[in-house]
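Undergrad: Structure incoming, see below.
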Amino acid sequence: MSERMVAVQVPEAIYRRLERLAALTNRPLENLVAQTLSSGLPPLPDDLPVTMREALLALEHLRDVELEQVVRGGMSEAPIEQYEELRERRRTGVITEPEQQALTVMTQEADLLMLRKAYAAVLLKWRGQLLPTLAELES
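Taking the numbering used here, the leading residue of the sequence shown gets 190, the next gets one more, and so forth.
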């Protein structure tokens, strides 16, 4: 793996903490800083399956107002009712194979919707925007 040099100014207090931790762990300061940066970076869509990755990468090109619409968006009432009905049929053991397949597809769609909403919120946060509160989302 190649390495690149980055000069970063940090407050004295943070530098002292890093230096002390490096001494405590008997590790070079540079390695500790690199590990700290790596562990603090949020996950990106790069390692997701193609369908999910493409759906999330598309969000990165949206304007803030469009991202907020994604965060506030959801499924319409009819699919939610059908989803709940199919889940209940599965729970009670009376689900047919076609219904199970439909439930699987709906579950994948719901998962992708939640993932898109979460990533849209992350993008807004990274861009310095305030996120809607839970009460605002519920209204």
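Ideal placement from N, C-alpha and C gives every residue a C-beta, glycine not left out.
Identify whether Val259 lies in helix, strand or coil by the three-state DSSP scheme.
TA: DSSP places Val259 in helix when its eight states are reduced to three.
Undergrad: Helix, strand or coil for Val311? Go by DSSP, reduced to three states.
TA: Val311: helix per DSSP, three-state reduction.
Undergrad: Can at least three beta-carbon pairs, one atom from the region 257–272 and one from the region 302–319, be found at a separation below 8 angstroms?
TA: Yes: at least three Cβ pairs fall under 8 angstroms.
Undergrad: Measuring CA to CA, which of Leu207, Gln297, Thr322 is closest to Glu238?
TA: Checking the sequence, you will find Pro at residue 238 rather than Glu. Of Leu207, Gln297, Thr322, the residue nearest in Cα terms is Gln297.
Undergrad: Enumerate, from N- to C-terminal direction, the unbroken alpha helix (DSSP H) stretches of 4 or more residues contained entirely within the region 238–286.
TA: Fully enclosed alpha helix (DSSP H) runs of 4 or longer: 239–248, 253–261, 266–281.
Undergrad: Let's test the definition: count the other Cβ atoms within 10 Å of the Cβ of Leu313 and tell me whether it reaches 16, buried, or not, exposed.
TA: The residue is buried, with at least 16 neighbouring Cβ atoms inside 10 Å.
Undergrad: Confirm, please, whether the CB-CB distance from Val222 to Leu207 is below 8 angstroms.
TA: Closer than 8 angstroms, so yes.
Undergrad: Would Leu301 pass as a contact of Ala244 if the rule is Cβ separation under 8 angstroms?
TA: Taking 8 angstroms as the Cβ cut-off, Leu301 and Ala244 qualify as a contacting pair.
Undergrad: How far does the alpha helix (DSSP H) with Asn220 in it reach, from first residue to last?
TA: That run of the alpha helix (DSSP H) goes 218–229.
Undergrad: Pro234 and Met241: beta carbons closer than 8 angstroms?
TA: Yes.
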